[in-house]
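First comes the structure, then the notes that go with it.
In my numbering, the protein residues as written are 669 to 812.
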């Protein structure tokens, strides 16, 4: 998908799990500060909203609801992530499926980041500017 969409990113595959930030950092040999996570949520119309935050941060559904002018969304149930996004929990990329993407400004302080690569044993490495282009994301404070 990365090449076919003209996205400038590197897809990395591993034998080891990259499910959590800690596992991914150990697997790739990078600092946990270099990782972001994609939190999948749904609004009351069952539309998908993805909040992208630094690995150590949590998403505020209240901030997201306020930013979008909607009722605060719900974090998607674990068992629904694959059906909603086409990707498993722990491997959900921050682009490549139909959703509203919101990126916390703290993410943009990093030039390059690692994020889900489509499976629990893969990662994507890309610039934050390219991430915004890839998902047409809005940069807005969404962390707690």
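Glycine residues also receive a C-beta, built at the ideal position from the N, C-alpha and C atoms.
In this text, all values refer to a predicted model and were calculated from it rather than measured experimentally.
Query                                                                                                   : Result
Residues that residue 677 bridges to, as DSSP identifies them                                           : 794
Span separating the alpha-carbon of residue 789 from that of residue 761                                : 12 angstroms
Residue 777 versus residue 703: straight-line alpha-carbon distance, rounded                            : 12 angstroms
Cβ-Cβ distance between residue 770 and residue 737 below 8 angstroms                                    : no
contact_flag[the region 683 to 703, the region 714 to 729] where n(CB pairs < 8 angstroms) is 3 or more : yes
Proximity of residue 751 and residue 712 at Cβ, strictly below 8 angstroms                              : no
First through last residue of the beta strand (DSSP E) which encompasses residue 757                    : Taken as a continuous stretch (DSSP letters only), residue 757 belongs to no beta strand (DSSP E), as it is neither H nor E.
One or two residues paired with residue 780 in a DSSP bridge                                            : 795
Integer Cβ distance of residue 717 from residue 741, believed to fall under 8 angstroms                 : 5 angstroms
Reduced DSSP category for residue 733 - H, G, I as helix; E, B as strand; rest coil                     : helix
Three-state class that DSSP yields for residue 801 in the structure shown                               : helix
Test item: CB-CB of residue 796 and residue 679 under 8 angstroms                                       : no
CA-to-CA distance, residue 694 to residue 763, given in whole angstroms                                 : 24 angstroms
Delimiting residues of the beta strand (DSSP E) encompassing residue 768                                : 768 to 771
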